[in-house]
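K.L.:
The following block contains the structure, expressed as structure tokens.
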Amino acid sequence: MELHLDSFMSDGYTSATSAHEWLSVIASAELHHLQVLTLSGCELGGSIGTSMLNLSSLSHLDLSDNDITDFPQQMFHLPNLKVLDLSSNSHLTGSLPEFPPGTALQQLFLTYTNYTGRIPDSIGNLKQLTYFQAGNCGFFGPLPHSFGNLGKLAVLDISRNNFEGEIPFSFSKLSHLKVLEMSSNRFVGPLPSLKASRKTIKLINLSSNKFSGPIPSSYANNGLPNLTYLDLSNNQLNGTIPPSLFTLPSLQEMYLDQNKFIGILDDEAFPNSISSPLTMLDLSYNLLEGNILKFISKLTSLEYLDLRSNNFHGVVDPRMFASLKNLSQIHLSYNIMISIDSSDLLITIPSLSEFRASSCNLSAVPRFLRYQPVLQILDLSNNQIQGKMPDWLWTNVEDVDLSNNSLVGFEDPFSNHSSSSLRFLDLSSNNFEGSLPIFPKGMDTISLSKNKFTGAIPLTICNSSWSHIDLSHNQISGEIPSCLFNNKMNGIPFIVDLSKNKLQGMIPDTFGSECSFEGLNLNGNQLEGPLPRSLVNSRYLKVLDLGNNQIDDTFPFWLEHLESLQVLMLQSNKFHGPIGHRHIPNSSFESLHIISLSNNSFHGSFAVGILLIIIFEGYV
């Protein structure tokens, strides 16, 4: 007999209190032959109670995806119970009971519960157990050696707990293991040996632990013929990477990043012909040396390649990627001794959408990149790139970061192009001079800070729905375009930094009712006049920095209506007039953490405790 129910929301039973009552009804309904009970996602809440102990024929119980808080340990011992699913009950607390010999359980699911404690040594008595999934719980301590007795175990998921210690050697006896998921714990010592399950294992995830030592020989030399996924990232593994890992016949994803692997992956160590299904390869944040490997060109199924933060050197020949028709992302950043062939090579990588080579040794934008038909993201920041920004970047790419280079200008201003796909552009910390470029319509973020731009801000800056504009630390002059503050942002958070320039005139009184400023920095200019009262429309404003100008006004008590305002910097202006607890109600500026009023002409005294931090050196 089977009973499957999808929801309980009738006849006076409510989701928060119905678990014990409903299960009592079921248990008392003379369903002595009930074998399968599925109550997944029924919004059951509270304690289960002990009434279900009467269901002695029950073999499959699914209470997953509810709000149960307590489950009797005796239920684990029902004589015929083979499948127990308590997963996704985030408030369910408890610990595992002792398991006597002969316990019938074959599948146990506890993922996303608050079960805690140690795994009892008696778990080795579950001779028929095939699935044990207890990820995202609160278990701790070492794993018992008796795990090696679970000869039929196929899936083990104990990820995101607080287990520690070394993996028992008895794991090497598990002969049917297909999935080993032990990530995000505190395991130490060598990686577990998987000799007995080398022909069955398909997924290994041991990431984010403290494993050390080399990769076992049982993992390489074609020892894992059915392995499709291998993640050993974020450990303390060392030694060299066995070349035979790259030729495992079924391996599709391999993550070895954030370890201490050393040595040179020599092309000669790889066979001339490789038939590899590898699609994802991450070797980043290691200590690997030598040239970027030409053998990568033989991984013809590769889609993602990450070699960041190693010690690779030499010239990267883009032709090595030409045969990789599915390659969409290349990450070479933080290899300070490599360069990329800048010849005008007509090479197309048809799927390449993201190329990152920040902090390498580049002196020019690699020319082969202009021929990539779907390139969207380009990061060449922190290099030694000289000359002018290539004109094709305006029209071909969406996200460009060329910051911290030595660029001096533009090959061709955007005004000569009819359309642009550019959304994000970072040219900060270069050597650009002259007028600001014409901004393409549709841009989202631009940073031109720390250059030598001069002249006025072009009115075309108002053609886009920006989220971030940074023109700080230049020599920009003239007035702030009035349209900038009246730009309808459609609720998009908006940050503007025009600080450290030579802007003059008054701050435009054009802050519209639909503006969504979160940050406005006008520090270090030559702005004058009173504060625009329309600033009060910027109801999402968190940071307002007007310091080091010539603004002449009284203290803006009316800014108390900006409930999100956290930082207010007014120092070194011509503010004047009274300020004090008689003028600032205790309920005002409730979110304000930092205020700077120094070098003005205010008078009065502050009430202690109104503001968390008050900077008022030199205030009269």
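Heads up, this note's numbering is the position in the sequence shown plus 838, with the first residue counted as 1. In this text, a Cβ means the ideal position worked out from N, Cα and C, and glycines have one as well. Just so you know, these numbers come straight off a predicted model, no measurement behind them.
Does the Cβ of residue 1024 have 16 or more other Cβ atoms within 10 Å, making it buried, or fewer, making it exposed?
P.N.:
By the neighbour-count rule (16 or more Cβ atoms within 10 Å), residue 1024 is not buried but exposed.
K.L.:
To which residues does DSSP link residue 923 through a beta bridge?
P.N.:
Beta-bridge pairing links residue 923 to 900 and 947.
K.L.:
Who are the near neighbours of residue 1336 in its chain, counting only those whose CB is closer than 6 Å to its CB and skipping five residues on each side?
P.N.:
Excluding positions up to five away in sequence, the list reads 1309 and 1360.
K.L.:
So, with DSSP's three-state summary, where would you put residue 959?
P.N.:
Helix at residue 959.
K.L.:
Rounded to the nearest angstrom, what separates residue 969 and residue 944 at their Cα positions?
P.N.:
Going by the C-alpha atoms only, they are around 7 Å apart.
K.L.:
Where does residue 1398 sit, in a helix, a strand or coil, going by DSSP?
P.N.:
Of the three classes helix, strand and coil, the one that applies to residue 1398 here is helix, per DSSP.
K.L.:
Pick from 990, 1200 and 1205: whose alpha carbon is nearest that of residue 1242?
P.N.:
Closest by alpha carbon: 1200.
K.L.:
May I have the straight-line CA-CA distance separating residue 1315 from residue 1182, to the nearest angstrom?
P.N.:
The straight-line gap from Cα to Cα measures roughly 39 Å.
K.L.:
Could you check the C-alpha separation between residue 1136 and residue 994 for me, to the nearest Å?
P.N.:
Their backbone Cα atoms lie some 34 Å apart in a straight line.
K.L.:
In chain order, which continuous runs of the beta strand (DSSP E) of length 3 or greater are located wholly inside the region 962–1044?
P.N.:
Whole beta strand (DSSP E) segments, 3+ residues: 969–971, 976–979, 993–995, 1000–1003, 1017–1019, 1024–1027 and 1041–1043.
K.L.:
With a cut-off of 8 Å on the beta carbons, I'd call residue 1223 and residue 1240 a contact; round off their distance for me.
P.N.:
Indeed they touch by this definition, with Cβ atoms about 7 Å apart.
K.L.:
Could you give the DSSP three-state label for residue 1448: helix, strand or coil?
P.N.:
With a pLDDT of 46 at residue 1448, under the threshold of 50, the predicted position of this residue should be treated as unreliable, though the coordinate-derived value follows. Residue 1448 falls in the coil class under three-state DSSP.
K.L.:
For residue 1260, which of 1271, 1272 and 1277 has the nearest alpha-carbon?
P.N.:
Comparing Cα-Cα distances from residue 1260 to each of 1271, 1272 and 1277, the minimum goes to 1277.
K.L.:
Is DSSP giving residue 1441 helix, strand or coil here?
P.N.:
Three-state DSSP puts residue 1441 in a strand.
K.L.:
Rounded to a whole number of angstroms, what is the C-alpha to C-alpha distance between residue 1090 and residue 1404?
P.N.:
Using only the alpha carbons, I get a separation of about 49 Å.
K.L.:
For a quick check, are the C-beta atoms of residue 1029 and residue 1006 less than 7 Å apart?
P.N.:
No, they are not a contact pair.
K.L.:
Which of the three DSSP states, helix, strand or coil, is assigned to residue 1072?
P.N.:
Three-state result, residue 1072: coil.
K.L.:
Quick one: measure Cβ to Cβ for residue 895 and residue 918, integer angstroms, because I've assumed they're closer than 8 Å.
P.N.:
The Cβ separation is near 6 Å, so the contact holds.
K.L.:
I'd like to know if residue 1016 contacts chain B, where contact means its C-beta is closer than 7 Å to some C-beta of that chain.
P.N.:
In the structure shown, chain B cannot be found, because there is only a single protein chain.
K.L.:
Going by DSSP, what residue range makes up the beta strand (DSSP E) through residue 1292?
P.N.:
First-last of the beta strand (DSSP E) with residue 1292: 1290–1293.
K.L.:
Taking all protein chains shown into account, do 16 or more other C-beta atoms lie within 10 angstroms of the C-beta of residue 1098, making it buried, or fewer, making it exposed?
P.N.:
Label assigned to residue 1098: exposed.
K.L.:
Should residue 1065 and residue 1045 be called a contact, given that it needs their Cβ atoms to be closer than 7 Å?
P.N.:
It is not a contact, given that the beta carbons lie outside the stated cut-off.
K.L.:
Please go through the same chain and pick out, in chain order, the residues whose beta-carbon is closer than 8 Å to the beta-carbon of residue 1291, but skip the five residues on each side of it.
P.N.:
Within the same chain, residue 1291 has close Cβ partners 1270, 1271, 1272, 1273, 1274, 1309, 1312, 1313 and 1314.
K.L.:
Note down the Cα distance separating residue 957 from residue 920, rounded to an integer number of angstroms.
P.N.:
Approximately 19 Å between the Cα atoms of the pair.
K.L.:
Considering only the alpha carbon of each residue, which of 1058, 1430, 1434 and 1387 lies closest to residue 1411?
P.N.:
It is 1387 whose Cα lies nearest to the Cα of residue 1411.
K.L.:
Going by CA-CA distance only, name the one from 973, 1003 and 959 that's closest to residue 988.
P.N.:
If we check each option's Cα against that of residue 988, 959 comes out closest.
K.L.:
Go ahead and pull the three-state DSSP assignment for residue 1211.
P.N.:
In this structure, residue 1211 counts as coil in the three-state DSSP scheme.
K.L.:
Quick one: give me the first and last residue of the alpha helix (DSSP H) that residue 1234 is part of.
P.N.:
Per DSSP, residue 1234 belongs to the alpha helix (DSSP H) from 1231–1234.
K.L.:
Counting only the same chain and skipping the five closest in sequence on each side, list residues whose C-beta sits under 6 Å from that of residue 1385.
P.N.:
Taken in chain order, the residues that qualify are 1361, 1407, 1409 and 1410.
K.L.:
Does the Cβ-Cβ distance between residue 1427 and residue 1398 come in under 7 Å?
P.N.:
Yes. Within cutoff.
K.L.:
Measure the beta-carbon distance from residue 907 to residue 931 and round it to whole angstroms, keeping in mind my assumption that it falls under 8 Å.
P.N.:
Contact holds; Cβ gap of about 7 Å.
K.L.:
Assuming residue 1347 and residue 1372 make a contact with CB atoms under 8 Å, what is their CB distance in whole Å?
P.N.:
Contact flag correct, Cβ pair sits at about 5 Å.
K.L.:
So, using beta-carbon positions, are residue 1210 and residue 1236 closer together than 7 Å?
P.N.:
No, the pair does not count as a contact, with Cβ atoms beyond the cut-off.
K.L.:
Would you mind sorting residue 1060 into buried or exposed? The rule is 16 or more other CB atoms within 10 Å of its CB.
P.N.:
Its Cβ having fewer than 16 others within 10 Å, residue 1060 is exposed.
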